[in-house]
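Engineer: Protein chains in written order, with the numbering used here: chain A, 1 to 331; chain B, 1 to 331.
By construction, the Cβ of each residue, glycine as well, lies at the ideal position given by its N, Cα and C atoms.
Protein chains: 2
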Amino acid sequence: MALAWHLSSRPQGRPGPEHFDLRELGARPLAEDEVRVRNGWLSLDPAMRIRMNADTDGYQPSFPIGEPLTGGGVGEVIESRSAKFAPGDKVQHMVGWRDESVGPDTAFTKLPDYPVPDQYYLHHMGVIGFTAYVGLVKEAQPKAGETLFVSAAGGATGSAVVQIGKILGMRVVGSAGGVEKCAMVRELGADAVIDYKAPGTMIDKLAAAAPEGVDVYFDNVGGDHLDAALALANMHARFSISGMVGAYNGMAQGMELHHLMRVVYRRISIKGFIGRDNIANYADFRRQMSEWIASGQVKSRETVRDGLEAMPAAFAEMFDGRVSGKMLVRL
Amino acid sequence: MALAWHLSSRPQGRPGPEHFDLRELGARPLAEDEVRVRNGWLSLDPAMRIRMNADTDGYQPSFPIGEPLTGGGVGEVIESRSAKFAPGDKVQHMVGWRDESVGPDTAFTKLPDYPVPDQYYLHHMGVIGFTAYVGLVKEAQPKAGETLFVSAAGGATGSAVVQIGKILGMRVVGSAGGVEKCAMVRELGADAVIDYKAPGTMIDKLAAAAPEGVDVYFDNVGGDHLDAALALANMHARFSISGMVGAYNGMAQGMELHHLMRVVYRRISIKGFIGRDNIANYADFRRQMSEWIASGQVKSRETVRDGLEAMPAAFAEMFDGRVSGKMLVRL
């Protein structure tokens, strides 16, 4: 009997268990060209929170109330009426938040043969790693020797950005919350780490960590991190804006910036981007990333919770700033 | 006897007469290669306010207290010990805020032969027109049929941007303060005009004036104008940030933005720029602009005050938002 998490009401602010319902999906035989997949891993992303709002401002469609949620997953085909898949095939898809995913074969993609664990396709070998790659390499055009500042450097995307920055020969400054996450960011190779939860202003901390200023800023956070990056930006600095997790739970809330005028003084360029806009480069990216993983130049950090029941609590946890690396649920 | 305005103290907030002193400059004979110019027109720019702060954050050097101020001017050579200039030559320079300018010949440039009034070299045919041109044409890469939003559209730079936008076939929305300035912006060719002083929010007003959204935003203002442009931006919108006049008088003051996350949702690119970074294209620009002026496609709007004594009051006036076009002092 297949079970799926449904969105029962729209969170205002932080999401909690009261916004989710675990309900049975009606069992049905496969239609032609459909496949049934038993999921092994499900993905949780902070940006899913945006889709829980009634108005997503065009980001991605809003999740309908009373319907099953969706998201990334990897699993194994257990039944197929498609010529493209056979039982036993490993696949990835966007029909997550459930133990079994059923749908047309177009909704599933076979995992490539790279020698990496299956769940890596939900982070470094997937859209998250690709987001890190696109935002840093393509959008920001970094040069060896430049200083890269990464916010949420202990998170899924940020931890990939830190490591790619080091591979490119940059000096990398990462920010993360708490001693433990900061130690993890340093282990990933960051030259300096800022604990944003420690006393002091972000600007003072960034000035100390990046004495030569910031050439590239990879933003997952917005707010005081963005303002500090503006305050410390060097001439012709490039800012790649991937997300602003601080804004997801209260989108109407304002963000106060004191140093925006420096975009003129320092000719800063700020660009919002989304990995999937560059999907033509996805295959090349995966080959490159698999090599970095194989050589040990990119390491993965995961936070794993077990069982479908764990989904809502694991999702809420991500907004406390204590989750290291990629949040995954293992079934 | 040459007179010059000196900065007597640093304004906090709005500049007033108490911050300026009109004092004699010691008369001295010309050294070799020097020229003496009697000024006919002096330029006043809001951005001069930045240089009156002790810390200009690298924008341009701070004006020293007790020293003569500088700025744009045009005039006539009345004495020359340079082989490059003869009495009667019309020149422009950056040794303004005074009736006579003396300096090495490298500080002066002969006015070209274009059939425009001398003072145009202080606005449309000078750095201001060039700023409009660079920010719109080079930085924002506009296309015919796109919607252009210009803040401070009744000002020196904005009025040039409006007209260049129309020449490029764009739909132009300008914002200005008050019925009179709005009428002027419409006369310059804007398709829609927003009175930012009228009741209602900037977002509502911009939504009404730009029903198809904003593709290019030319910002002279920051603050609620920038936030509204973010809120109404179309996919792949380009923002050229020329200045943020609202920030000049209180640079430490924050700017609250509610819609910055849309840089990701709409893949917006925000670039700060300064005209003089592109000085290699300056001659081409002047030829082009002179043709637009000759054909009547670009019209100039000036606010003229008479006499050197008028400088401080004319400068302060610019921060009231009531000045139309380029503020000039005629000697």
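In this structure, how does DSSP classify Asn278(A) when only helix, strand and coil are distinguished?
Structural biologist: Within the first sequence, numbered from 1, the residue matching residue 278(A) stands at position 278. It is helical.
Engineer: Between the region 264-278 of chain B and chain A, which residues of the former have CB atoms less than 8 Å from a CB of the latter, in chain order?
Structural biologist: So the close ones are Val264, Tyr265, Arg266, Arg267, Ile268, Ser269, Ile270, Lys271, Gly272, Phe273, Ile274 and Asp277.
Engineer: Provide the residue(s) that pair with Gly272(A) in DSSP beta bridges, ordered along the chain.
Structural biologist: The sequence position of residue 272(A) within the first sequence is 272, counting from 1. In DSSP, Gly272(A) forms a bridge with Ile241(A).
Engineer: Under 6 Å Cβ to Cβ from Ala152(B), same chain only, skipping five residues before and after it: list those, please.
Structural biologist: Here residue 152(B) corresponds to residue number 152 of the second sequence, with the count starting at 1. These residues qualify, in order along the chain: Gly158, Asn220 and Val221.
Engineer: Between Val37(A) and Ile78(A), which are expected to be in contact by the criterion C-beta below 8 Å, what is the C-beta distance as a whole number of angstroms?
Structural biologist: Residue 37(A) sits at position 37 when you count from the first residue of the first sequence. Residue 78(A) sits at position 78 when you count from the first residue of the first sequence. Yes, they are in contact, since the Cβ atoms of Val37(A) and Ile78(A) sit about 7 Å apart, within 8 Å.
Engineer: State the Cα-Cα distance for the pair Val216(B) and Ile270(B), rounded to the nearest angstrom.
Structural biologist: Here residue 216(B) refers to the residue found at position 216 when the second sequence is read from its first residue. Here residue 270(B) refers to the residue found at position 270 when the second sequence is read from its first residue. Straight-line Cα distance between these residues: approximately 10 Å.
Engineer: What residue range does the alpha helix (DSSP H) around Leu206(B) cover?
Structural biologist: Here residue 206(B) refers to the residue found at position 206 of the second sequence. Unbroken alpha helix (DSSP H) run through Leu206(B): Met202 to Ala209.
Engineer: Could you give the first and the last residue of the continuous beta strand (DSSP E) run that contains Met404(B)?
Structural biologist: Residue 404(B) is absent from the structure shown; chain B starts at 1 and stops at 331.
Engineer: Going by Cα to Cα distance, which pick from Phe149(A), Leu257(A) and Tyr196(A) is closest to Gly189(A)?
Structural biologist: Taking the first sequence and counting its residues from 1, the one referred to as residue 189(A) is at position 189. Residue Phe149(A) is the option with its Cα nearest to Gly189(A).
Engineer: For Thr70(A), is the classification buried or exposed, using 16 other Cβ atoms within 10 angstroms of its Cβ as the cut-off for buried?
Structural biologist: For the purposes of this step, residue 70(A) is identified with residue 70 of the first sequence, where counting begins at 1. Classification of Thr70(A): buried, given that the 10 Å Cβ count is 16 or more.
Engineer: By DSSP's criteria, Phe218(B) is part of a beta bridge. Which residues make up the other side?
Structural biologist: To locate residue 218(B), count along the second sequence from 1; it is residue 218. Looking at the DSSP assignment, Phe218(B) forms a beta bridge with Val150(B) and Ser240(B).
Engineer: Please report the straight-line C-alpha distance between Asn234(B) and Gly58(A), rounded to a whole angstrom.
Structural biologist: If you number the second sequence from 1, residue 234(B) lands on position 234. If you number the first sequence from 1, residue 58(A) lands on position 58. Answer to the nearest angstrom: the Cα atoms are 10 Å apart.
Engineer: Measuring CA to CA, which of Ala183(B), Glu317(B), Glu291(B) and Ser101(B) is closest to Ala27(B)?
Structural biologist: Taking the first residue of the second sequence as 1, we reach residue 27(B) at position 27. Closest option to Ala27(B), Cα to Cα, is Ser101(B).
Engineer: Just curious, the alpha helix (DSSP H) that Val181(B) is in, first and last residue?
Structural biologist: Here residue 181(B) corresponds to residue number 181 of the second sequence, with the count starting at 1. Note that residue 181(B) is Lys in the sequence shown, not Val. Segment Val179 to Glu187, the alpha helix (DSSP H) holding Lys181(B).
Engineer: Pull up the DSSP beta-bridge partners for Trp97(A), would you.
Structural biologist: For this step, residue 97(A) is matched to residue 97 along the first sequence. DSSP, once it has assigned bridges, lists no residue as partnering Trp97(A).
Engineer: Less than 9 Å between CB atoms is the rule here; does His225(B) satisfy it with respect to chain A?
Structural biologist: For this step, residue 225(B) is matched to residue 225 along the second sequence. His225(B) does not count as touching chain A.
Engineer: Quick one: using the 10 Å Cβ neighbour count with 16 as the cut-off for buried, is Met1(B) buried or exposed?
Structural biologist: In the second sequence, residue 1(B) corresponds to position 1, counting from 1. So Met1(B) ends up on the exposed side.
Engineer: Can you look up Pro68(A) in the DSSP assignment and give me helix, strand or coil?
Structural biologist: If you number the first sequence from 1, residue 68(A) lands on position 68. Strand at Pro68(A).
Engineer: Can you have a look at Ser9(A) and say buried or exposed, based on whether 16 or more other CB atoms are within 10 angstroms of its CB?
Structural biologist: For this step, residue 9(A) is matched to residue 9 along the first sequence. So Ser9(A) counts as exposed.
Engineer: Tell me which residues of the region 49-67 of chain A have at least one Cβ-Cβ distance to chain B shorter than 7 Å, keeping chain order.
Structural biologist: Taking 7 Å as the Cβ-Cβ cut-off against chain B, the residues of the region 49-67 of chain A that qualify are Asp57, Gly58 and Tyr59.
Engineer: Against Arg262(A), what residues of chain E qualify as contacts under a CB-to-CB distance less than 8 Å, listed in chain order?
Structural biologist: No chain E is part of this structure, whose protein chains are labelled A and B.
Engineer: Measuring alpha carbon to alpha carbon, tell me which of Asp105(A), Val91(A), Gly145(A) and Ala144(A) ends up nearest Gly126(A).
Structural biologist: Taking the first sequence and counting its residues from 1, one reaches residue 126(A) at position 126. Of the listed residues, the one whose Cα sits closest to Gly126(A) is Val91(A).
Engineer: Once you ignore the five residues that flank Gly154(B) on each side, which residues in its own chain have a CB closer than 6 Å to its CB?
Structural biologist: Taking the second sequence and counting its residues from 1, one reaches residue 154(B) at position 154. Correct list, in chain order: Ala176, Lys181, Met184, Val185 and Ser324.
Engineer: Going along chain B in order, which residues have a C-beta closer than 9 Å to the C-beta of Glu256(A)?
Structural biologist: For the purposes of this step, residue 256(A) is identified with residue 256 of the first sequence, where counting begins at 1. Chain B residues near Glu256(A): Gly254, Met255, Glu256 and Leu257.
Engineer: On a Cα-Cα basis, can you pick out the residue from Asn278(A), Phe315(A) and Gly321(A) that is closest to Gly16(A)?
Structural biologist: In the first sequence, residue 16(A) corresponds to position 16, counting from 1. Closest by alpha carbon: Phe315(A).
Engineer: With 16 other CB atoms within 10 Å as the buried threshold, where does His236(A) fall?
Structural biologist: Here residue 236(A) refers to the residue found at position 236 of the first sequence. Under this definition His236(A) is an exposed residue.
Engineer: Going by C-alpha distance, which of Gly169(B), Gly321(B) and Val304(B) is nearest Trp41(B)?
Structural biologist: Sequence index remark: in the second sequence, residue 41(B) carries index 41 (1-based). Here the closest residue by C-alpha is Val304(B).
Engineer: Under three-state DSSP, which class holds Gln92(A)?
Structural biologist: For the purposes of this step, residue 92(A) is taken as residue 92 along the first sequence, with counting starting at 1. In the structure shown, Gln92(A) sits in a strand (DSSP, three-state: E or B).
Engineer: Cβ atoms of Arg276(B) and Ile268(B): under 9 Å apart, would you say?
Structural biologist: Your numbering for residue 268(B) matches position 268 in the second sequence. Your numbering for residue 276(B) matches position 276 in the second sequence. The answer is no: Cβ separation not under 9 Å.
Engineer: Checking 9 Å against the spacing of the C-beta atoms, do Met255(A) and Gly223(A) come in under that value?
Structural biologist: In the first sequence, counting from the first residue as 1, residue 255(A) sits at position 255. In the first sequence, counting from the first residue as 1, residue 223(A) sits at position 223. A contact, by the Cβ cut-off of 9 Å.
Engineer: Should Phe20(A) and Gly135(A) be called a contact, given that it needs their Cβ atoms to be closer than 9 Å?
Structural biologist: Sequence index remark: in the first sequence, residue 20(A) carries index 20 (1-based). Sequence index remark: in the first sequence, residue 135(A) carries index 135 (1-based). Cβ distance not < 9 Å, so Phe20(A) and Gly135(A) don't count as in contact.
Engineer: Run down chain B in chain order and give the residues with a C-beta less than 9 Å from the C-beta of Gly222(A).
Structural biologist: As a first step, residue 222(A) is located in the first sequence; it is residue number 222 there, counting from the start. Within chain B, the residues near Gly222(A) are Leu260 and Met261.
Engineer: Alpha carbon to alpha carbon, what distance is there between Lys326(A) and Met244(A)?
Structural biologist: In the first sequence, counting from the first residue as 1, residue 244(A) sits at position 244. In the first sequence, counting from the first residue as 1, residue 326(A) sits at position 326. About 17 Å.
Engineer: Considering His225(B), what are the terminal residues of the alpha helix (DSSP H) in which it resides?
Structural biologist: Mapped onto the second sequence, residue 225(B) falls at position 225. Here the alpha helix (DSSP H) through His225(B) covers Gly223 to Leu232.
Engineer: Name the DSSP beta bridge partners of Thr109(B), please?
Structural biologist: Start at 1 with the first residue of the second sequence, and residue 109(B) comes out as number 109. According to DSSP, Thr109(B) bridges with Gln92(B).
Engineer: In terms of DSSP beta bridges, what is Lys326(B) paired with?
Structural biologist: Along the second sequence, read from residue 1 onward, the residue named residue 326(B) stands at position 326. The partner list for Lys326(B) (beta bridge, DSSP) reads Glu302(B).
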